[in-house]
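Following: one structure in structure tokens, then a few remarks.
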Amino acid sequence: GVFNLIMAIFIDNVTGSQLQRRNRELADSSEKVRVMIKEHVARFLGKDVRSRRTFVTGDLDVQHSILDEQLLKDEVVIHRESFQRWLQDPEFTEALEDAYIDVSNKAHLFDIMDADM
5 GVFNLIMAIF IDNVTGSQLQ RRNRELADSS EKVRVMIKEH VARFLGKDVR SRRTFVTGDL
65 DVQHSILDEQ LLKDEVVIHR ESFQRWLQDP EFTEALEDAY IDVSNKAHLF DIMDADM
């Protein structure tokens, strides 16, 4: 009885601290991950943002604004077939995993992320 209660509290504390650590890691890396995902989307859409001299400086704010400028100036529609091809790119799926987006069910990921369903 008491041992089971102690173990339950211990397990709850361990999983709670792991969740807190993961949330801290995500918060610390969120801007970098956001830029990485936008870089991939820009690359898939044929946008050459890396050729701009200011992009190479490593300043995430500058990179973020350049990517937004490139991605938002045209209305972009991403179709399911295109997105499924993107998921074949290991660097793109790694960037999604860095954002803690589970890519194990690639067939349904588009449906989950599509805001216009």
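Numbering (our numbering), first residue to last: 5 to 121.
The beta-carbon is built from N, C-alpha and C at its ideal position, and this holds for glycine as well.
Fill in: Residue environment, A31, which counts as buried when at least 16 other CB atoms sit within 10 Å
Looking at its Cβ environment, which holds fewer than 16 other Cβ atoms inside 10 Å, A31 is exposed.
Worksheet item: Would you say the region 68-77 touches the region 94-102, given that touching needs at least three Cβ pairs under 8 Å?
Response: At 8 Å Cβ cutoff, the stretches do not touch.
Worksheet item: Sorted by chain position, which residues of the same chain lie with C-beta nearer than 6 Å to F96's C-beta, five sequence neighbours on each side aside?
Response: Answer for F96: H44, W90, listed in chain order.
Discussion item. Tell me the residue span of the alpha helix (DSSP H) that contains K110.
Written reply: Where K110 is concerned, the enclosing alpha helix (DSSP H) stretches over 110-117.
Worksheet item: When DSSP labels each residue in this structure, what does G20 get in the three-state scheme?
Response: Here G20 sits in helix by DSSP.
Fill in: Length at least 4, wholly inside the region 70-113: the alpha helix (DSSP H) runs in chain order
Listed in chain order, the complete alpha helix (DSSP H) runs (minimum 4 residues) inside the region 70-113 are 84-90, 94-102.
Worksheet item: Between the beta-carbon of D118 and the beta-carbon of F48, is there less than 9 Å?
Response: For the pair D118 and F48, the CB atoms are not nearer than the 9 Å cut-off.
Worksheet item: On the three-state DSSP scale, how would you describe K51?
Response: DSSP places K51 in coil when its eight states are reduced to three.
Fill in: Three-state secondary structure assigned by DSSP to E29
Residue state, collapsed to three classes: helix.
Worksheet item: Between the C-alpha atoms of I10 and V18, what's the straight-line distance to the nearest angstrom?
Response: Distance between the alpha carbons of I10 and V18 is about 12 Å.
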